[in-house]
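In the numbering used here, the protein residues as written are 798 to 1135.
For each residue, glycine too, the CB sits at the ideal point set by N, CA and C.
Before any comments, here is the structure.
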Amino acid sequence: MTDLNAFISGLPKAELHMHIEGSLEPEMMFALAERNGVAIPFASVEEVRGAYQFSRLQDFLDIYYAGADVLRTEADFRDLAAAYFDRAAADSVVHAEIFFDPQTHTARGIGFGTVVAGLLAGMEDARARHGITARLILCFLRHLSEAEAFATLAEAEPWLDRIEAVGLDSSELGHPPEKFARVFAAAAAKGLKRVAHAGEEGPADYVWQALDVLEVDRLDHGNRSLEDPALVERLAREQMTLTVCPLSNLKLCVVPSMDDHPIDHMLAEGLRVTINSDDPAYFGGYVNANYRAAAEGRRLGAEQLATLARNSFLGSFLSEEEKRAHIARVDAYVAGFR
Ligand code: HPA
Ligand code: ZN
798 MTDLNAFISG
808 LPKAELHMHI
818 EGSLEPEMMF
828 ALAERNGVAI
838 PFASVEEVRG
848 AYQFSRLQDF
858 LDIYYAGADV
868 LRTEADFRDL
878 AAAYFDRAAA
888 DSVVHAEIFF
898 DPQTHTARGI
908 GFGTVVAGLL
918 AGMEDARARH
928 GITARLILCF
938 LRHLSEAEAF
948 ATLAEAEPWL
958 DRIEAVGLDS
968 SELGHPPEKF
978 ARVFAAAAAK
988 GLKRVAHAGE
998 EGPADYVWQA
1008 LDVLEVDRLD
1018 HGNRSLEDPA
1028 LVERLAREQM
1038 TLTVCPLSNL
1048 KLCVVPSMDD
1058 HPIDHMLAEG
1068 LRVTINSDDP
1078 AYFGGYVNAN
1088 YRAAAEGRRL
1098 GAEQLATLAR
1108 NSFLGSFLSE
1118 EEKRAHIARV
1128 DAYVAGFR
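Next comes the structure, spelled out in structure tokens:
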């Protein structure tokens, strides 16, 4: 292992952009299919992995929603989350704010409470076994209607004290943030924080909408903001956190190669960028693999990597006191590595 890989391995970090359904590894897909008596259209784990070739976001989403069909019971969601946290702990993740897509499950007749109770059990297990803290972010599927998002928010009502924020994911093009203006306002009125995917495939205008219409506390992806200098200036001035996902960007052809990834430009522009895994089972790696790929592709040094880790805490929904404590740990780690 090179020094920089070793540095990344032990660097304390938070993960702020990962979809728990996107951590469903093919091995678990098969195990859950068998446990639940669900048929899947693949003969082997290798065949599943071989199908993970995408040229755009929608190619991935089709296979990701199909894979989620094996998730049926509270134990399935608990096991899924526990497996993610085991991988996260191995990558020195000490705090994670994870997305879940309730509509993918409630549309199949799985109860909202089944999903959330299972995920919360996995989070408790992670705290007990690894000391990892975690928060839940409920994502609305943007290809569905505003009315369906409102219905989901109503189903979340009994669980709101255990849900930190709402988010917006799925097919971006043709589904601008403003479609969910009223749902996000209702979520804000209930005390929920707001995040949204914007500027992954969609234009910079969608990022403006996420800021001005949805009033997000954090922005997911945001790559195409770079096409608009006034937007970059604003994001930097407001120190808006961007949750960038390098291996996802590569797999979904948001960038042609890792050598062309804009992560270092984003840092140079003064943007508060973070590195995350998005859907690690589908995109070829967990968070440290994303740090390594970006570091190798763009020749990032230890100081830039430490900034990315500090940003992950600054951009989290932890208290100011907790952020300070985590950042002090990053500083101590960096000092000890020299
Ligand atoms: N973009 C949009 N929706 C998603 C993604 C993503 O990268 N991953 C899971 N749902
Ligand atoms: Zn995402």
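Rounded Cβ spacing between residue i and residue j (contact assumed at less than 8 Å)
i: A931; j: A923; result: 6 Å
i: G964; j: V992; result: 5 Å
i: Y849; j: Y1079; result: 6 Å
i: S967; j: G996; result: That belief does not hold up - the Cβ atoms of S967 and G996 are roughly 15 Å apart, past 8 Å.
i: F897; j: I929; result: That pair is no contact at about 17 Å.
i: D1075; j: G819; result: 6 Å
i: N1087; j: L1044; result: 5 Å
i: F804; j: A1099; result: 5 Å
i: A1007; j: V890; result: A1007 to V890, Cβ: 25 Å. No contact.
i: A1092; j: L1102; result: 6 Å
i: A1001; j: E1030; result: With 8 Å as the limit, A1001 and E1030 do not qualify as a contact, their Cβ atoms being about 12 Å apart.
i: D1056; j: L1097; result: With a Cβ gap of about 12 Å, D1056 and L1097 do not count as contacting.
i: N1108; j: S806; result: N1108 to S806, Cβ: 19 Å. No contact.
i: H1058; j: R1095; result: 6 Å
i: D876; j: Y1083; result: Contact doesn't hold; Cβ gap of about 17 Å is too wide.
i: A880; j: M825; result: 6 Å
i: P823; j: V842; result: 4 Å
i: P1026; j: Y1003; result: No, P1026 and Y1003 are not in contact; Cβ-Cβ is about 17 Å, not under 8 Å.
Three-state class that DSSP yields for residue i in the structure shown
i: E894; result: strand
i: D1025; result: coil
i: M815; result: strand
i: R869; result: coil
i: V1051; result: coil
i: D1009; result: helix
i: I805; result: helix
i: T1071; result: strand
i: F937; result: strand
i: H902; result: helix
i: H1058; result: coil
i: A1001; result: helix
i: T949; result: helix
i: A840; result: coil
i: A995; result: strand
i: A848; result: coil
Distance CB(residue i)-CB(residue j) smaller than 9 Å
i: L935; j: K987; result: no
i: A944; j: F977; result: no
i: H814; j: N1073; result: yes
i: A983; j: E1012; result: no
i: M1063; j: L1039; result: yes
i: V1052; j: L1105; result: no
i: R853; j: E998; result: yes
i: L868; j: L829; result: yes
i: L1068; j: L1111; result: no
i: D1009; j: F1114; result: no
i: L916; j: A886; result: no
i: A953; j: F909; result: yes
i: F839; j: V845; result: yes
i: L933; j: R959; result: yes
i: Y1130; j: L808; result: yes
i: Q900; j: L941; result: yes
i: I895; j: D866; result: no
i: C1042; j: H1018; result: yes
i: H994; j: E969; result: yes
i: T870; j: N833; result: yes
i: R884; j: P1077; result: yes
Residue i - containing beta strand (DSSP E), residue span
i: D1017; result: 1015-1018
i: G1094; result: Counting along the chain, G1094 falls outside any beta strand (DSSP E), though it belongs to the alpha helix (DSSP H) covering 1084-1095.
i: K987; result: It is not in any beta strand (DSSP E) - K987 carries neither H nor E in the DSSP assignment.
i: L965; result: 962-966
i: V1041; result: 1038-1041
First and last residue of the uninterrupted alpha helix (DSSP H) at residue i
i: L1105; result: 1099-1111
i: F857; result: 854-864
i: L821; result: It is not in any alpha helix (DSSP H) - L821 carries neither H nor E in the DSSP assignment.
i: F926; result: The displayed chain sequence assigns Arg, not Phe, to residue 926. Where R926 is concerned, the enclosing alpha helix (DSSP H) stretches over 909-927.
i: G1133; result: 1117-1134
i: F1080; result: 1077-1080
i: R959; result: Counting along the chain, R959 falls outside any alpha helix (DSSP H), and DSSP gives it neither H nor E.
beta-carbon residue i near the ligand GDP non-hydrogen atom, thresh 8 Å
i: S1054; result: The model on display carries the ligand HPA and the ligand ZN but not the ligand GDP.
Proximity test, Cβ basis, 9 Å: residue i and chain C
i: I860; result: Among the chains of the structure shown, chain C does not appear; only one protein chain is present.
In chain order, what residues place their C-beta within less than 6 Å of a heavy atom belonging to the ligand ZN? That gives H814, H816, D966, H994, D1017, D1075.
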